[in-house]
Structures are given as structure tokens and as C-alpha cells.
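The next block holds one structure in the form of C-alpha cells; read it before the comments.
Number of protein chains: 2
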Amino acid sequence: MNEKPIGIFDSGIGGLTVVRQLRKVLPNENIIYLGDTARLPYGSKSVDSIIQYSINNAEFLLSRGAKYLVVACYSSTSVALEILVQRFPVPIIGVIQPGVRKAAVLTRNRRVGVIGTSLTIFSGTYEKAFKAIDSQLQVMGRACPLFVPLVEEGWLEHEATEIICRAYLNPLKDDDVDTLLLGCTHYPLLMKAFRKVMGEINYVDAAVEIGVELADDLRTNNLLNSGGGGKLSIYLTDLSMNFKEIGERFLGEPMTTFSRVAIGV
Amino acid sequence: MNEKPIGIFDSGIGGLTVVRQLRKVLPNENIIYLGDTARLPYGSKSVDSIIQYSINNAEFLLSRGAKYLVVACYSSTSVALEILVQRFPVPIIGVIQPGVRKAAVLTRNRRVGVIGTSLTIFSGTYEKAFKAIDSQLQVMGRACPLFVPLVEEGWLEHEATEIICRAYLNPLKDDDVDTLLLGCTHYPLLMKAFRKVMGEINYVDAAVEIGVELADDLRTNNLLNSGGGGKLSIYLTDLSMNFKEIGERFLGEPMTTFSRVAIGV
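If you read the sequences in order, they're chains H and Y.
Residue numbering for the first sequence follows the working numbering, starting at -15 and increasing by one per position.
Residue numbering for the second sequence follows the working numbering, starting at -15 and increasing by one per position.
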């Protein structure tokens, strides 16, 4: 039994969709979430900056006693995961590999579609991760920069959302992918719209797969908190006008305790 | 004659639409542009942070000899303009007041629509600025958070753009506004789509009005650079993957000289 918290960070509040999933599958675990809202979005920052911010974030969570780190930010996972793993003494899981492993298992025709923000897709990280598992997999990546603002606007089933989904996803449909990997924490909220365009294929939600792998790993390494706990602490580096409303949409429960902290300054 | 540069800052590269306009009406002026890309978007930051960042930006431009400051950022103008004016010894113009003055002159039925990002609209700054000129004006504000990502995606005449424009603008049409003030540096690129929805009403582009007022003011105060000059220097606090492509769309000319600088750290 280990009462220390799981530490999880993202550039903003999108990573709360991962927290939501972790609280479902690991209800006894204490969780510390750090959203670096003062410096979001990482996707428009340079690689150097993203690495520096990621190190700052990890250091903050470790200073709070984290026994395990979850990097819920796609930009950080793309460019900084290996550096964090080398630098820090706790196990670290990124937001990319669990979904990749699941998609590689699910696909029958070995054509997988991946959707994400521009940086995530253009970085080629997903392609590399898939190729490491199965060099014969065909990976079709599509950058979908309008999905995040659509989700934040709350237009989950708007007429415009369906048209934008078709514009982004039709090329993947034409390519006959049988598995779609959602490569951004915001995207699970658009599942209904994705299904309308892509039909009954396999959908892989990274947050679900992180929960599965993390639970396995905690169990194997005897790191589970089998006792009480279940405490969630949320830290944000800046508080915007509507973070609570949007955050609760991601988290699926009221945000009761949150604090503003200064990181890396 | 005064060869010192005009200093202009924005949270990102959207303010280059203002630079474009200044270079059109004041071709002899030297211009220094500072885009605080490392800390964008200001709209999701707290008021305290926006004030601090704005002071940092102004100090940088003054350290480079700016004779005049243009605050091309709506968030900064909303919450920090008065503080900057009190604090610094050069004339300072914001991005809000010139458009307001023009719209107040143009409207016949005294119903003006204003569109902008969420912070700009919800801050109430526009309403206050209009009321200071004419307390009888009816000001209808609409937050349009999807317009910026649409412009950055380059979907200026996409089917989705028209639907999103209708969703945002129809309430203003129903309210019978005869003048629409574009309260965001990105929006002039969507003019064609706006006209399709709103028809032949008055459109006010803040960048154009800043150019008019600035030229007047430089002339009146004998600050014009009547000699050669016409040099443009662009400073950004971080360089993202696609800043050059998007920046040139705003600027309307190639971005030849740009540097990365650290501000306020």
C-alpha cells in the first residue's frame, strides 16, 4: 500500500479528461493535477521551451511527493518524455504510447488513423511509436486544429462541427482506416460527431488506455493505494475567466479544490 | 522630423495586421513589432498577468527608443491601457478607442455590433468606451472564439466558416445593427464571410482607424519621420513551427527580419 499521490500534468485543463478516467478505474488513488495554464498552449511553443516547461512541471509534482508521473500533454510527451524518464527517479507514462499499443492490437486491416493538433501530428511522434511496434502498419495522421476550440465553445453537436469533422476525417475514411486514435485530450467529447462521419470502426481514447496501463503497473509494482484516499488536488498556474466551467466539462465532476501556483519563474 | 521607431506590441502575431496598415499609411516610419508568442494567448490569462506582461512589453519597446506605443492586443488594451499611459512618458494608443470613435460617427440608427474574443467582449470595455462618447448608443457585443482558429487554419471561405458566421452574427442582424466593429486583429481576413451574413452595413476595421489616428497625431505633434526609414523589425518571444506562414498572411509581405527575445524573465 502506497498513499503517495499520482502526479499528472498538462499544459492546460484538457488533461482533466485523463484524471476523470483515472478516478473511475483507480478510485482509491490520491491525485495531484498540474495545469500550466499560464503558459498554454504548448503546441505553439518551441521545442526548447516545451522541454523546459515539462521539467518544471515534473519537479513541482515530485516536490509534492508524486509516486508516479502521467504526462497528459501531447506536446510534452512528443518532445520531452524521454528526457523526463532519464532525469527523474519515478515511473513516468506519456499520453501517446498506451493508445498506440491499443490501436495496434485492434486494427485488422493495419490501417490506423491518428487525429491531433498540428504539433502532435507534424512531429511524427505517432508514426515513430507505431513503427516501433509494427513496421508494416500504415499510419495516417490528420492535424485538426479546430477541434479544441469547438470543444471549448461547447459545440459538440453543432451543424458546423459535423462539417468540420467531415473536412478533417473524410481523407481517413477514403483511406479505409479501421481504427481511429484520438490524439488529443479534448477529442473524446466529439465522439458522437466522429461516429457520424467514420461509422462503426474502432475508436481508441488515450485516457482510457492510460487508466488501464497505469492500474496494471501500480498493481504489478505494489504501488496501489488500497486504503482510503481518493483525494484530488488541482493546481493551475493561472486562472482564466472560464476555466472552471470548461474544466468541469472535462473532469465530469465539480472542481472543489484548486489553487494557483507559480512554476518555473 | 523624428527617426525614432513606432513601437507596437501584441500577445502574438495577429497585431501584424495593424503593422500592415501602418506601413500603408506611414511608409517612412520605422516600426518595431513585439509579439509575446511565448505567453500567448493573453485572453486566457488573469488580469494581473496581462497587466504585468503589458508593462514588460512596453519597457522592451521603450528600451529600443520607441517614440510612440501602439497596443495592438485587445486583452492588453482592455485591462492595461490606462496603467501604461500613467506609467510611461510617450504617447500610447490602444486598439479599441479608434474603432469605437469611427463606429460612433458612422452609425445612423445608433445600433452598433461588436465582435471579439470572449475576454474582449465579456470585459465590457467596448460598452464603456462607446458610452463615454454617446450614452444613447446601443452596443451589442458577441464573443466569437472560433474566428481566430478559423483564420489561422486559413479557412476564410470554407462552408463551415459561413455556418459559424451565421451562428455568431445572426443575433446582431436580428438586432438590426447598421455598423459592425471588428474587435480582433484576425477578423478583417473574414470580411467576405461577414458581408455574406450581414450585407451592406458599415464595417469598422480597428487597424485602419489606428492608422488614421496615428498619422494625424504624429503630424500634429511633429513626430513624423519625413526622411527615409521605413524599416520594420519584428521581435517574438518564441518561434512556433508555423509563425512565419501565418505571420506573412497577416503582414501581407515577406517576414525578412525577425529575432527571438526573452521578455520579463
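Backbone N, C-alpha and C define an ideal beta-carbon position, used for all residues, glycine too.
Quick caveat, the model's predicted, so the values are computed rather than measured.
| Asked | Found |
| --- | --- |
| C-beta neighbour in chain H for D222 (chain Y), strict 9 Å | yes |
| Identity of the residue in H:F44, H:R23 and H:E43 nearest I34 (chain H) by Cα | H:R23 |
| C-beta atoms of E66 (chain H) and N209 (chain H) nearer than 9 Å | no |
| Own chain residues within Cβ distance below 8 Å of V181 (chain Y), not counting five before or after | E146, C149, R150, L153, N154 and K157 |
| Contiguous beta strand (DSSP E) assignments of at least 3 residues, all confined to the stretch 79 to 145 of chain H | 95 to 100 and 122 to 127 |
| Proximity below 9 Å, CB of D32 (chain Y) to CB of S(-5) (chain Y) | no |
| Inter-residue CB distance, P11 (chain H) and G214 (chain H) (contact presumed, cutoff 8 Å) | 5 Å |
| Cβ-Cβ separation, V79 (chain Y) to A199 (chain Y) (assumed contact under 8 Å), whole Å | Not confirmed; about 16 Å, so no contact. |
| Simplified DSSP state of T163 (chain H), which is helix, strand or coil | strand |
| Nearest-angstrom Cα separation, counted from E141 (chain H) out to E232 (chain H) | 19 Å |
| Chain-ordered neighbours of S33 (chain Y) on chain H, where CB pairs are closer than 9 Å | A22 and D222 |
| Test item: CB-CB of Y125 (chain Y) and G97 (chain Y) under 9 Å | Just to set this straight, residue 125 (chain Y) is Gly in the shown sequence, not Tyr. Yes, they are a contact pair. |
| Residues near R94 (chain Y) in its chain [Cβ-Cβ closer than 8 Å; skip 5 each side] | D118, Q120, L121 and Q122 |
| Beta carbon of Y52 (chain Y) nearer than 9 Å to that of V74 (chain Y) | yes |
| 7 Å Cβ cut-off: residues of chain Y touching E111 (chain H) | Ordered by position in chain Y, no residue passes the 7 Å Cβ test against E111 (chain H), which lies about 17 Å from the chain. |
| For D(-6) (chain Y), three-class secondary structure by DSSP | strand |
| Residues in the stretch 146 to 162 of chain Y having any Cβ partner in chain H nearer than 8 Å | I147, I148 and A151 |
| Paired residues, beta bridge with N186 (chain H) - DSSP | H:T163 |
| Residues bridged to T17 (chain H) (per DSSP) | Checking the sequence, you will find Tyr at residue 17 (chain H) rather than Thr. In DSSP, Y17 (chain H) forms a bridge with H:I(-8) and H:I218. |
| One or two residues paired with Y52 (chain Y) in a DSSP bridge | Y:I(-10) |
| Neighbourhood of K86 (chain Y) by C-beta, 6 Å cutoff - its chain only, sequence neighbours within 5 removed | V188 and E193 |
| Any chain H beta carbon closer than 9 Å to A144 (chain Y) | yes |
| S243 (chain Y) - containing beta strand (DSSP E), residue span | F242 to R244 |
| Where I247 (chain H) sits in the DSSP three-state scheme | coil |
| Where N226 (chain Y) meets chain H, residues with beta-carbon distance less than 8 Å | S102 |
| First and last residue of the uninterrupted alpha helix (DSSP H) at Y171 (chain Y) | No alpha helix (DSSP H) holds Y171 (chain Y); DSSP gives it neither H nor E. |
| 6 Å Cβ shell around D201 (chain H) - same chain, five flanking residues per side excluded | none |
| Range covered by the alpha helix (DSSP H) that runs through Y37 (chain Y) | V31 to S47 |
| Between the CA atoms of T104 (chain H) and P172 (chain H) - distance to the nearest angstrom | 16 Å |
| C-beta atoms of F114 (chain Y) and N41 (chain Y) nearer than 9 Å | no |
| Residues within the stretch 46 to 72 of chain Y neighbouring chain H, beta-carbon criterion of under 9 Å | none |
| Proximal residues of chain H, C-beta to C-beta of P129 (chain Y) below 9 Å | P133, E136 and E137 |
| Span separating the alpha-carbon of I77 (chain Y) from that of R7 (chain Y) | 16 Å |
| Member of Y:D160, Y:C128 and Y:P133 whose CA lies at the smallest distance from the CA of A250 (chain H) | In the structure displayed, chain H extends from -15 to 249; residue 250 (chain H) sits before or after that span and is not available. |
| Pair within 9 Å by beta-carbon distance, R48 (chain Y) and P129 (chain Y) | no |
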